[in-house]
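Engineer: Mind looking over this structure? Questions follow.
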Amino acid sequence: MDATGRSGLLMVVSGPSGVGKGTVCRELIARHPEVRLSVSATTRSKRAGEEEGVSYFFVTKEKFESMIEQNELIEYAKLFNNNYYGTPRSFVEREIAAGHDIVLEIDYHGALNVKKTYPEAVLIFVAPPELSALKERLLARHSESAASMEERLGIALEEISKVKLYDYVVVNDSVEKAVACFEAILSAEKHRVCRNLNLLDTFKEV
Ligand code: 5GP
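The sequence shown lines up with residues 249 to 454 when you count with this note's numbering.
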């Protein structure tokens with residue numbers, strides 16, 4: 249809990265691959281250093297420019313499966329190319345208890361599983377302004393084979409069909425506007441009465 253007795257806010261951000269949610273989350277965190285980004289574990293290979301422990305914890309399939317067995321992940325999913333992606337439990341539990349706001353950037357399977365464990369989590373879906381923009385961004389990455397890109401596009405359509413299960417949708421037509429929407433959501437959620445019950449308790453003494 250923080251100084252006001254408020255637990256940290258758990259924001260779960262999903263959206264199709266290539267929609268730019270990573271950029272939006274990084275910009276939000278750059279402007280709000282009190283918000284922390286959870287680093288996932290994955291079995292996929294490292295891309296150029298990615299850093300161990302910053303982009304992901306890159307682990308072997310054996311290591312990931314032992315993390316599942318040891319209950320070290322709050323959720324996980326098998327996504328592209330049969331690779332595992334999962335959220336380490338220790339970071340989330342520690343930061344929430346310390347009253348820090350955290351962002352999980354995960355797919356919709358993971359988002360819905362987090363909501364089961366943490367019903368107070370806020371689920372935000374980042375949508376592309378149009379599908380052609382998404383195709384262009386995926387092509388611009390040049391890090392994927394044609395088959396893998398087809399798979400990502402197929403999964404992108406599946407992801408978009410789940411938007412109704414989220415609390416908020418943010419269209420990423422400009423990073424600036426999308427970050428402003430995230431800031432508005434963060435602020436509104438922090439002011440919900442149900443998140444400020446400790447503060448209200450102090451009024452009883454007046
Ligand atoms: P990429 O391979 O492009 O880094 O990520 C692919 C997808 O994996 C992203 O859309 C992201 O939402 C999802 N992802 C990343 N980390 C996790 C995680 O810990 N759990 C789940 N369920 N999905 C994740």
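Note that CB positions come from ideal geometry on N, CA and C, so glycine has one too.
1. Using beta-carbon positions only, say whether Val340 and Ile372 come within less than 8 Å of one another.
2. Are the beta-carbon atoms belonging to Ile316 and Tyr304 less than 8 Å from one another?
3. Hey, is the segment 275-290 in contact with the segment 351-358, meaning 3+ C-beta pairs nearer than 8 Å?
4. Could you tell me which residues DSSP pairs with Gln326 in its beta bridges?
5. Could you check the C-alpha separation between Glu437 and Gln318 for me, to the nearest Å?
6. Output needed for Cys273: all residues of its chain with C-beta closer than 7 Å, excluding positions within five of it in sequence on either side, in chain order.
7. Return the chain-ordered ranges of every alpha helix (DSSP H) run that is complete within the segment 385-440 and spans a minimum of 4 residues.
8. Quick one: grab the DSSP three-state call for Thr450.
9. Taking DSSP's pairing of strands, which residues face Glu300 in a bridge?
10. Taking only three categories from DSSP, how would you classify Val340?
11. Pull up the distance between the alpha-carbon of Leu258 and that of Cys429, whole angstroms please.
12. Buried or exposed: Gly268, going by 16 or more other Cβ atoms within 10 Å of its Cβ?
13. Can you check whether the CB of Val423 is closer than 8 Å to the CB of Glu275?
14. Below 7 Å, is the gap between the Cβ of Ala428 and the nearest heavy atom of the ligand 5GP?
Structural biologist: The short version:
1. In the sequence shown, the residue the question calls residue 340 occupies position 92. In the sequence shown, the residue the question calls residue 372 occupies position 124. Taking 8 Å as the cut-off, the Cβ atoms of Val340 and Ile372 do not count as close.
2. As a working note, residue 316 is residue 68 in the sequence shown. As a working note, residue 304 is residue 56 in the sequence shown. No, Cβ-Cβ distance for Ile316 and Tyr304 is not below 8 Å.
3. yes
4. Here the question's residue 326 lines up with position 78 in the sequence shown. Residue identity differs from the one stated: residue 326 is Lys in this sequence, not Gln. According to DSSP, Lys326 bridges with Tyr332.
5. Taking the sequence shown and counting its residues from 1, one reaches residue 437 at position 189. Taking the sequence shown and counting its residues from 1, one reaches residue 318 at position 70. Whole-angstrom Cα-Cα distance: 33 Å.
6. Start at 1 with the first residue of the sequence shown, and residue 273 comes out as number 25. If we look at Cys273 and ignore the five residues flanking it on each side, its Cβ neighbours are Val261, Leu285, Val351, Glu353.
7. 394-408, 423-438
8. Along the sequence shown, read from residue 1 onward, the residue named residue 450 stands at position 202. Three-state result, Thr450: helix.
9. As a first step, residue 300 is located in the sequence shown; it is residue number 52 there, counting from the start. Glu300 pairs with Tyr304.
10. In the sequence shown, the residue the question calls residue 340 occupies position 92. Helix.
11. Your numbering for residue 258 matches position 10 in the sequence shown. Your numbering for residue 429 matches position 181 in the sequence shown. Looking at the two C-alpha atoms, the distance is approximately 16 Å.
12. The count along the sequence shown starts at 1 and reaches residue 268 at position 20. By the 10 Å Cβ count, Gly268 comes out buried.
13. Locating residue 275 in the sequence shown gives position 27, counting from the first residue. Locating residue 423 in the sequence shown gives position 175, counting from the first residue. In contact: Glu275 and Val423 (Cβ atoms closer than 8 Å).
14. Mapped onto the sequence shown, residue 428 falls at position 180. Answer for Ala428: no, Cβ out of range of the ligand 5GP.
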